[in-house]
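Okay, so the sequence shown: first residue is 6 according to the numbering used here, each after it adds one.
One structure is given below, encoded as structure tokens.
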Amino acid sequence: EQIIGINGGTLRCGWHGDLDSVPAGFATEFVVIGGRGPRDCLDRWGRMLLERAGTRRPGRYADALASRPSYWTDNGAAYWYRTEPGSDMATSIVAAVDGLRADGVPVGAVQLDSWFYPHRTLRPFDTDAWEVPPTAMTAWEERSDALPDGIADLRARLGHPPLVAHIRHLASSAPITQQVPVAVDGDHAVPTTPAAYERWLDQCVAWGVEVFEHDWLVDVFHRNRRLRERPGRARQWQEGIDAAARHRGITLQWCMATPADFAQTVTLSQVTSIRTSGDHGYIATPGQIWAWFCTTNAMARALGLTPFKDVFRTDPEVAGELGEPEALLSALSTGPVGLGDRVGRFRTELALRCCRADGVLIKPDVPVAATDDSIVAAGQGGARPLFAECWSQHPAGRWWYVIAMHCRPDDSVVSGSLAVRDLAGGDNDPVAGELVVWDHLTGAVTRVGADHEWDVQLEREQWSYRVIAPVLTCGLAVVGDVSKFVGAGDARLEISDLGTGVGVVAKGAGETVTITGWAASRPQVDGHAVQFDTATGRFTVDVMVPSRGWTTITIRP
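Now the structure itself:
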């Protein structure tokens, strides 16, 4: 119910101007938080909200969407209101998913976007003529010209995968507004009880939808004044959706959420992912979207939320050379990895670098987020690269994943540096001791001290990625499985410092996992051959994982 503004150098805070009345005794709080930097302040604020609400987050693998690569048909994807030439929507989607599976990509959930249901003004297929923002939904059911055989038939043709279904703001002309309680404001309506959502979520159960993706949250709030007339109504609206979803075993994805929506999730249990940037390939350049994503993630991370970067494309005819950084950022998000290329045009090796052979996504412990300096100085228009980080925590210590990106929407060259000590902000502990840095683009492994600085110079939409691993008591460092973007993620490895060696648990039934690391001299692994480069100190060892899904080795100097 509050609004905070900075006008002419003055900070102003108060109740927003659309409140008509408040209950007796109603009060809001304004808190000033001081910290070591922006991230630390956000983290303190997030902990305050989470502790006060007693929030229990569902975790990084809470549903099918969060667990395996998914196929998407939203804005930015190949089949958003578009089909293969001479084909229909269902056949286009089935061909794309079948093609990915045939290439070894273990696709889990499949997303159906707003093209499947009618709006006040229908958008035609296979045309670039469309209205922004789109008109409101008139019914949450299949368009006869989009899915004439229905969602059940499409799901059967796909092999009965979990579905993700999109929904948006409701039109006042929708027939359901005559059947359940709603508040009407011009062309828009908002349910005033959970009844409408209970009906739609019952449809989810019937259709095989496991994730209910509520888009246009900002429009629901701003296009219907009832939610703003009296305190608590927006909260009541979202808590009603959450309770109805929980009772049916459905999870939620929030999209186009305001900061208030982010904060309100502390009272919700079913929000398993949240979009933290704009649509892929729309409104902004790729670099601007990268900055948007990594900056907003700082808030999501402080609140324990799991970000979704949105669908991405890898087809060189569409993405150029940017498919790899898009896949990398998706892997670093801790959230869904949404594939969106047309049939036969996906670079499957990029999808496979996000997951194990069984499809389980390999994630960091926390979502990638911009560093303090990047939040303040870089961003979309800064003259320096944007640096962002995340990490995996093992019994042996912390493994860092750090990316630098050119985010400006121009051809300027940006340069800057990141000191390892700058990683110790917000929720991060100070970095100490000797480290090893692995360069993703060159494959180089270098031993450095905790005072190390990484100098970067980047041209438009260039990027660089490093993994930083601790040198352990025995003098060895394990970087991880560098064939994956998150090579030391806990879905792939568990690493322990044994004093006289390094204990590693490798995961992935039936896979050969190649572990890369650094040593001063050739290390030893019982029963395994170790490849060692005396010039660089880089070593690799191949580990066969049995059908039980895990195995252990000890690496000794």
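The beta-carbon is built from N, C-alpha and C at its ideal position, and this holds for glycine as well.
Legend entry - Paired residues, beta bridge with Cys360 - DSSP: For Cys360, which the question treats as bridged, DSSP gives the partners Leu366.
Inset, instruction - Go ahead and pull the three-state DSSP assignment for Ser278. - result: In the structure shown, Ser278 sits in a strand (DSSP, three-state: E or B).
Legend entry - Endpoints, the alpha helix (DSSP H) within which Leu446 is located: Counting along the chain, Leu446 falls outside any alpha helix (DSSP H), and DSSP gives it neither H nor E.
Inset, instruction - Look at the Cβ atom of Asp416, then the Cβ atom of Thr277, and state whether they are nearer than 8 Å. - result: Cβ distance not < 8 Å, so Asp416 and Thr277 don't count as in contact.
Inset, instruction - Confirm, please, whether the CB-CB distance from Arg318 to Asp284 is below 8 Å. - result: Going by C-beta atoms, Asp284 is not nearer than 8 Å to Arg318.
Inset, instruction - Could you tell me whether the Cβ of Leu159 comes closer than 8 Å to any Cβ of chain D? - result: No chain D appears in this structure, which consists of one protein chain only.
Legend entry - Endpoints, the alpha helix (DSSP H) within which Tyr406 is located: That residue, Tyr406, is in no alpha helix (DSSP H); its beta strand (DSSP E) goes Gly402 to Met410.
Inset, instruction - Out of Met53, Cys360, Asp23 and Val36, state which residue places its alpha-carbon closest to the alpha-carbon of Leu308. - result: Nearest Cα to Leu308 within the set Met53, Cys360, Asp23 and Val36: Met53.
Inset, instruction - Using the DSSP secondary-structure output, state which residues sit across from Pro312 in a beta bridge. - result: Ile279.
Inset, instruction - Output yes or no for whether 8 Å exceeds the beta carbon distance between Leu333 and Phe490. - result: The answer is yes: Cβ separation under 8 Å.
Inset, instruction - With DSSP as the reference, label Asn302 as helix, strand or coil. - result: Looking at Asn302 - three-state DSSP - the assignment turns out to be helix.
Inset, instruction - Would you kindly check if the distance between the Cβ of Asp370 and the Cβ of Arg350 is under 8 Å? - result: Cβ atoms of Arg350 and Asp370: not closer than 8 Å.
Inset, instruction - Kindly confirm or deny that the region 96-104 and the region 77-86 touch, where touching means at least three C-beta pairs closer than 8 Å. - result: Counting Cβ pairs under 8 Å, three or more are found: they touch.
Legend entry - Residues bridged to Asp158 (per DSSP): Beta-bridge partners assigned by DSSP to Asp158: none are found.
Inset, instruction - For Leu127, name the three-state secondary structure that DSSP assigns. - result: Three-state DSSP puts Leu127 in coil, outside helix and strand.
Legend entry - Span separating the alpha-carbon of Val507 from that of Asp486: The alpha-carbon separation between Val507 and Asp486 amounts to approximately 15 Å.
Inset, instruction - May I ask which residues mark the beginning and end of the alpha helix (DSSP H) holding Gln208? - result: Taken as a continuous stretch (DSSP letters only), the alpha helix (DSSP H) holding Gln208 covers Ala200 to Trp212.
Legend entry - As assigned by DSSP and simplified to three states, the class of Trp135: Residue state for Trp135 is assigned as coil, using DSSP reduced to three classes.
Inset, instruction - Taking Cys395 as part of the beta strand (DSSP E), name the residues at either end of that continuous run. - result: Here the beta strand (DSSP E) through Cys395 covers Leu391 to His399.
Legend entry - For Pro264, three-class secondary structure by DSSP: Judged by DSSP in its simplified three-state form, Pro264 adopts helix.
Inset, instruction - Give the DSSP bridge partners of Ile500, in chain order. - result: Partner(s): Val509.
Legend entry - Enclosing beta strand (DSSP E) for Gln467 [first to last residue]: Unbroken run through Gln467: none, as it is neither H nor E.
Legend entry - Distance between Glu466 and Val436 (C-alpha atoms, nearest Å): Rounded to the nearest angstrom, the two C-alpha atoms are 29 Å apart.
Legend entry - Every unbroken beta strand (DSSP E) within the region 219-272, with a cutoff of 3 residues, ordered by chain: List check, beta strand (DSSP E) in window: 256-259.
Inset, instruction - From the DSSP output, in three-state form, read off Trp85 for me. - result: In the structure shown, the three-state DSSP call for Trp85 is coil.
Inset, instruction - Express the C-alpha separation of Glu146 and Ala250 in angstroms, rounding to a whole number. - result: It is roughly 18 Å from the alpha-carbon of Ala250 to the alpha-carbon of Glu146.
Legend entry - Paired residues, beta bridge with Leu117 - DSSP: According to DSSP, Leu117 bridges with Ala170.
Legend entry - DSSP-derived helix/strand/coil call for Ser379: Three-state DSSP puts Ser379 in a helix.
Legend entry - First and last residue of the uninterrupted beta strand (DSSP E) at Ser526: Premise fails: Ser526 is in no beta strand (DSSP E) and is neither H nor E.
Inset, instruction - Leaving aside the five residues before and after Gly364 along the sequence, list all residues of the same chain whose C-beta is less than 7 Å from its C-beta, in chain order. - result: If we look at Gly364 and ignore the five residues flanking it on each side, its Cβ neighbours are Arg73, Pro74, Pro111 and Gly113.
Legend entry - Cα-Cα separation, Asp23 to His445: Cα to Cα, the separation comes out at about 51 Å.
Legend entry - For Gln7, the residue or residues it bridges with in DSSP: Gln7 is bridged by DSSP to Trp20.
Inset, instruction - Put Gly51 into one of helix, strand or coil per three-state DSSP. - result: Gly51: helix per DSSP, three-state reduction.
Inset, instruction - Answer with buried or exposed for Glu394, where buried requires no fewer than 16 other C-beta atoms within 10 angstroms of its C-beta. - result: Classification of Glu394: buried, given that the 10 Å Cβ count is 16 or more.
Legend entry - Pairwise C-alpha distance: Asp547 and Val518: One Cα belongs to Val518, the other to Asp547, and the distance between them is close to 6 Å.
Legend entry - Selection from Gln529, Phe537, Val550 and Thr539 that minimises the alpha carbon distance to Glu516: Per the Cα distances, Val550.
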